[in-house]
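Visitor: Residue numbers (our numbering), protein chains in the order written: chain A, 3 to 306; chain B, 1005 to 1221. Here a beta-carbon is modelled for each residue, glycine too, at the ideal position from N, C-alpha and C. One structure is given below, represented as structure tokens, and several questions about it will come after.
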Amino acid sequence: MKTWLARHAQTLVGSLGRIVHHPFATAMTIAVIAVALALPLFLNVLLQNTRTATANWNQAFELSVYMSKKAGSDRAEALAKQLRSRPDVAAVRVISADQALAEFRESSGFGKALDLLETNPLPNTLVVTPSVAASTPEGTATLKTSIGALADVDTVQLDTEWVQRLHAMLEVLTRVVWLTGGLLGLSVVLVVGNTIRLDILNRQAEIEVMKLVGATDGFTRRPFLYSGVWYGLGGGLGAVLAVAIAVTALDKPLARLALLYGSPFHLEGLRFGAAVRILGISVGLGWLGSWIAATRHIRAVEPT
Amino acid sequence: MIHFDQVHKRYANGREALAGVSFKIEQGEFAFLTGHSGAGKSSILKLIALIERPTRGQVFIDNQNTSAVKSGGIARFRQSIGVVFQDHKLLHDRPVADNVALPLIVAGIARREIDKRVRAALDQVGLLGKEKSRPLELSTGEQQRVGIARAIIAKPALLIADEPTGNLDPDLALEIMQLFSRFNEVGVTVVIATHDVHLIERFDARRIVLEGGRVVA
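Here is the structure:
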């Protein structure tokens, strides 16, 4: 067991030594992998940030409940009380018809014209904020139907269309990121596979001798697998570094832009766990690429 | 140790290298395979090392039918025999010690044990002190000795060599043959393919003469 471990460690270090022996070619391979991984990774960071930013937008899910004209303000208060007791409602604000008219008078500039009206044309209104659990497109839709069925409620208005569009868009973008990630991950496998293939062609004589003295395919393959692991690790580190640089470069201008819209937004980079996961994935892809190439091409080398 | 039973070998290009070869070599024997080039000497050695498979007939090594050795078992099978090549087949980018150690490395022997045995093997072929040299810094004769050290380091019971003296002048060739003879004296079965009939006259060893893919003597 100890010998086995020592031999693996030796092969691991040996393969590292071999790939740094050709620094330019190695750097190129690693750079290609880094670029391929950085792109989906960066898109994902942007997507995560969009999600975080829009998560605070559940105020946007407010429902405006317009009561029928016959219902007076006592009735509005009673209904508000009833709604507050529902588990899917977080808060209810009552805007009485008079309040609404006063506000309208102030903000619209139609003061004089409004004086001509004999009665207040505005109904009593309740502004309902759903609970956090119910702040989903489905939850608010259910709430809307349920409130709409209550007595003295004229209409319930819910402007969720744009939120739903945003969610749908984020959904599409998530898919796009996954697809891009999948394709570029495949390209990492191909790049490593091709590099390993060339490496094997260059060392054909050596592999032949190894086989002649009784090396198994598995033994012969091992250093190539470790090369693949090193390429993957290098590429993964490169990708994480590239994304960190991109985030740092974008954070300030983005924060300034957000501030102009009155938001304290700031771009959040890769978390440690995500970075580790990316390294794991890129090491896995490097291993896979080298495994495919090495298994195929080492089997093909037969001593004559 | 080696038993060929009506072995035929036809290569993919249609050339018939062996046409019904049968012979036995006992354990501990010292045998020369001789004949002109193209007589089938190399084919026999390739069949022994499982580099090639017979088209027809059977080859037994150490009482094992080689047709029962599947491709996954070839590596382990080769670990049990030592092979010396005319062109040495050394790795030129590695020092002599690493070249000699190769069979032990692939067999998974511990490093400390390997160093000890590399020195012992180099001592046996008279190259002690050349561990750190690169193969190309050595003479052809010395390179062949490195090849022999590599073939015997795993202490195989069978040692085969294909024209091991092919590139050497007569004096060096004789030295190399004497080296093989010494390994035979300690019990190793040695089979050497060579066309150098004058050289083998100096050894009291069995001769298997091939001609046109058949054993003629």
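#1: One question on the structure: do T297/A and A1114/B come within less than 8 Å of each other, judged by their Cβ atoms?
#2: For the alpha helix (DSSP H) containing Y1015/B, list its first residue and its last residue.
#3: Between G1018/B, I1048/B, Q1083/B, T1144/B, which has its C-alpha nearest V1094/B's C-alpha?
#4: Can you have a look at Q1182/B and say buried or exposed, based on whether 16 or more other CB atoms are within 10 angstroms of its CB?
#5: By the 7 Å beta-carbon criterion, what residues does the region 1087-1101 of chain B contribute toward chain A?
#6: Please list the terminal residues of the continuous alpha helix (DSSP H) segment that includes A241/A.
#7: May I have a chain-ordered list of the beta strand (DSSP E) segments no shorter than 3 residues that lie completely inside the region 60-96 of chain A?
#8: My output table needs one value for P132/A: the three-state DSSP class, helix, strand or coil.
#9: Tell me which residue opens and which closes the alpha helix (DSSP H) that Q1083/B is part of.
#10: Can you tell me where the alpha helix (DSSP H) with T1144/B in it begins and where it stops?
#11: From the DSSP secondary-structure annotation, give me the bridge partner or partners of I198/A.
#12: Answer with buried or exposed for R1149/B, where buried requires no fewer than 16 other C-beta atoms within 10 angstroms of its C-beta.
#13: Assuming I1085/B contacts L1162/B under a Cβ cut-off of 8 Å, what Cβ separation, rounded to an integer in Å, is found between them?
#14: So the candidates are L235/A, L49/A, A153/A, R167/A; which of them puts its Cα closest to the Cα of T31/A?
#15: Counting only the same chain and skipping the five closest in sequence on each side, list residues whose C-beta sits under 6 Å from that of Q61/A.
#16: Measure how close the beta-carbons of N1171/B and Q1090/B come, nearest whole angstrom, since I'm counting them as under 8 Å.
#17: Compare the beta carbon distance of P42/A and V231/A with 8 Å and say whether it is the shorter of the two.
#18: Quick one: give me the first and last residue of the beta strand (DSSP E) that E1215/B is part of.
#19: Could you confirm whether any beta carbon from chain A is found closer than 8 Å to the beta carbon of L1049/B?
#20: Which chain B residues are close to P1/A, counting only those with a beta carbon under 7 Å from its beta carbon?
#21: My understanding is that V130/A touches V94/A, with C-beta atoms under 8 Å, so please give their C-beta distance in whole angstroms.
#22: Have a look at L1054/B, Q1062/B, V1104/B, A1158/B and flag the residue whose alpha-carbon is nearest the alpha-carbon of A1023/B.
#23: Do I300/A and T352/A have their beta-carbon atoms positioned less than 8 Å apart in this structure?
#24: Hey, is the region 69-80 of chain A in contact with the region 1012-1022 of chain B, meaning 3+ C-beta pairs nearer than 8 Å?
#25: With 7 Å as the limit, tell me which residues of the region 215-239 of chain A have their beta carbon closer than that to any beta carbon of chain B; keep them in chain order.
#26: Mind pulling the chain B residues with CB within less than 7 Å of T5/A?
#27: Name, please, each residue of chain A whose Cβ falls closer than 8 Å to the Cβ of Q1083/B.
#28: Going by DSSP, what residues sit across from N51/A in a beta bridge?
#29: Could I get the ranges of all uninterrupted beta strand (DSSP E) runs contained in the region 1037-1083 of chain B, with 3 residues as the minimum, in chain order?
#30: Taking 8 Å as the cut-off, does the region 207-215 of chain A touch the region 276-284 of chain A (at least 3 CB pairs, one atom from each stretch)?
#31: Among L227/A, L287/A, L269/A, L290/A, which has the Cα closest to the Cα of H10/A?
#32: What is the DSSP secondary structure of D117/A, reduced to helix, strand or coil?
#33: Cβ atoms of I1152/B and V1088/B: under 8 Å apart, would you say?
#34: I'd like to know if the region 1025-1034 of chain B and the region 240-254 of chain A are in contact, where contact means that at least 3 CB-CB pairs between them fall below 8 Å.
#35: For A1165/B, which residues of its own chain have a beta-carbon under 6 Å away from its beta-carbon, when the five flanking residues on both sides are left out?
Guide: Quick answer:
#1: no
#2: Per DSSP, Y1015/B belongs to no alpha helix (DSSP H) and is neither H nor E.
#3: Inspection of the sequence shows that residue 1094/B is occupied by Leu rather than by Val. Selected option, being the one with the closest Cα: T1144/B.
#4: exposed
#5: V1087, K1093, L1095
#6: 219-262
#7: 65-69
#8: strand
#9: 1078-1083
#10: 1144-1156
#11: According to DSSP, which records beta bridges pairwise, I198/A is partnered with nothing at all.
#12: buried
#13: 5 Å
#14: L235/A
#15: In this prediction, Q61/A has a pLDDT of 49, which is less than 50 and means its spatial position is unreliable; nothing more can be read from the coordinates.
#16: 7 Å
#17: no
#18: 1210-1215
#19: no
#20: What is shown of chain A runs 3 to 306, which leaves residue 1/A out entirely.
#21: 5 Å
#22: Q1062/B
#23: Because residue 352/A is not part of the residues shown, which for chain A are 3 to 306, the question remains open.
#24: no
#25: V215, G216, A217, T218, F221
#26: G1112, A1114
#27: V215, G216
#28: None, per the DSSP bridge assignment.
#29: 1060-1065
#30: no
#31: L227/A
#32: helix
#33: yes
#34: no
#35: V1088, I1196
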